[in-house]
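The UniProt record's numbering numbers the first residue of the sequence shown as 1 and each following residue consecutively. We treat Cβ as the ideally placed atom computed from N, Cα and C, and that holds for glycine. Here is the structure we will look at.
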Amino acid sequence: MDERVLRAAAEGGDIASMLALAALLEERTSGDYDEEEELYAEIEMWLRRAAAEGDLRAKAELGSCTPGWEKCRLPSQAR
(Lines of atoms letter the chains of each structure in order from A and count residues from 1; the text may use other names and numbers.)
(Lines give C-alpha, C1' and ligand atoms only; values in the text may rest on other atoms or scores of the structure.)
Protein backbone atom coordinates (compact mmCIF):
# COMPACT_ATOMS: atom_id res chain seq x y z
CA MET A 1 0.00 0.00 0.00
CA ASP A 2 1.18 3.54 -0.70
CA GLU A 3 2.87 5.35 2.18
CA ARG A 4 0.62 8.40 1.78
CA VAL A 5 -2.50 6.26 2.07
CA LEU A 6 -1.15 4.47 5.14
CA ARG A 7 -0.12 7.75 6.76
CA ALA A 8 -3.56 9.30 6.17
CA ALA A 9 -5.29 6.24 7.63
CA ALA A 10 -2.87 6.15 10.58
CA GLU A 11 -3.42 9.84 11.31
CA GLY A 12 -7.14 9.09 11.20
CA GLY A 13 -6.71 6.53 13.97
CA ASP A 14 -6.48 3.23 12.08
CA ILE A 15 -4.23 1.08 14.27
CA ALA A 16 -3.49 -1.51 11.57
CA SER A 17 -2.30 1.30 9.30
CA MET A 18 -0.06 2.65 12.05
CA LEU A 19 1.62 -0.73 12.42
CA ALA A 20 1.87 -1.25 8.66
CA LEU A 21 3.39 2.21 8.27
CA ALA A 22 5.89 1.46 11.03
CA ALA A 23 6.94 -1.75 9.27
CA LEU A 24 7.20 -0.02 5.89
CA LEU A 25 9.22 2.90 7.17
CA GLU A 26 11.37 0.68 9.37
CA GLU A 27 12.50 -1.15 6.24
CA ARG A 28 13.15 2.13 4.46
CA THR A 29 15.11 3.76 7.28
CA SER A 30 17.13 0.61 8.05
CA GLY A 31 19.49 1.91 10.67
CA ASP A 32 18.83 5.67 10.56
CA TYR A 33 18.26 6.01 14.30
CA ASP A 34 17.08 9.64 14.20
CA GLU A 35 14.50 8.96 11.50
CA GLU A 36 13.27 5.83 13.30
CA GLU A 37 13.00 7.71 16.59
CA GLU A 38 10.96 10.44 14.89
CA LEU A 39 8.72 7.82 13.29
CA TYR A 40 8.01 6.03 16.57
CA ALA A 41 7.30 9.32 18.34
CA GLU A 42 4.73 10.15 15.67
CA ILE A 43 3.12 6.71 15.90
CA GLU A 44 3.07 6.95 19.69
CA MET A 45 1.21 10.25 19.38
CA TRP A 46 -1.40 8.64 17.10
CA LEU A 47 -1.74 5.66 19.45
CA ARG A 48 -2.19 7.93 22.47
CA ARG A 49 -4.87 9.90 20.64
CA ALA A 50 -6.70 6.71 19.65
CA ALA A 51 -6.35 5.31 23.19
CA ALA A 52 -7.75 8.53 24.65
CA GLU A 53 -10.75 8.09 22.35
CA GLY A 54 -11.26 4.61 23.81
CA ASP A 55 -9.60 2.40 21.19
CA LEU A 56 -8.73 -0.83 23.03
CA ARG A 57 -6.16 -1.97 20.48
CA ALA A 58 -4.30 1.32 20.83
CA LYS A 59 -4.36 0.90 24.60
CA ALA A 60 -2.96 -2.62 24.22
CA GLU A 61 -0.17 -1.39 21.91
CA LEU A 62 0.71 1.35 24.38
CA GLY A 63 0.61 -1.20 27.20
CA SER A 64 3.54 -2.98 25.56
CA CYS A 65 5.57 0.23 25.75
CA THR A 66 7.66 1.51 28.59
CA PRO A 67 8.54 5.16 29.06
CA GLY A 68 10.95 6.00 26.30
CA TRP A 69 9.39 4.69 23.11
CA GLU A 70 12.63 3.04 21.98
CA LYS A 71 11.92 0.28 24.49
CA CYS A 72 8.54 -0.46 22.91
CA ARG A 73 8.27 -3.47 20.65
CA LEU A 74 5.53 -3.10 18.09
CA PRO A 75 4.43 -6.34 16.43
CA SER A 76 6.12 -5.08 13.27
CA GLN A 77 9.42 -4.91 15.17
CA ALA A 78 9.29 -8.42 16.62
CA ARG A 79 11.44 -10.42 14.25
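*Report the residue ranges of all beta strand (DSSP E) runs contained in full by the region 37-68; include only those spanning at least 3 residues, in chain order.*
The beta strand (DSSP E) runs lying completely inside the region 37-68 and spanning 3 residues or more number zero.
*Determine the burial state of Leu56: buried for a count of at least 16 other Cβ atoms within 10 Å of its Cβ, exposed for fewer.*
On the sequence shown, residue 56 is found 56 positions in, with the first residue counted as 1. Counting Cβ neighbours within 10 Å, Leu56 comes out exposed, since fewer than 16 surround it.
*In angstroms, rounded to a whole number, what distance separates the CA positions of Ala58 and Ala10?*
Numbered from its first residue, the sequence shown carries residue 58 at position 58. Numbered from its first residue, the sequence shown carries residue 10 at position 10. Cα to Cα, Ala58 sits roughly 11 Å from Ala10.
_Using the Cβ count rule (16 or more neighbours within 10 Å means buried), how would you classify Met45?_
What you label residue 45 is simply residue 45 of the sequence shown in a count that begins at 1. By the Cβ neighbour-count rule, Met45 is exposed, with fewer than 16 other Cβ atoms within 10 Å of its own.
*Per DSSP, what kind of secondary structure is Asp2 in: helix, strand or coil?*
For the purposes of this step, residue 2 is taken as the residue at position 2 of the sequence shown. Reduced to three states, the DSSP call for Asp2 is coil.
*Thinking C-beta only, is Leu39 closer than 8 Å to residue 124?*
In this structure the chain extends from 1 to 79, so residue 124 is not present and cannot be described.
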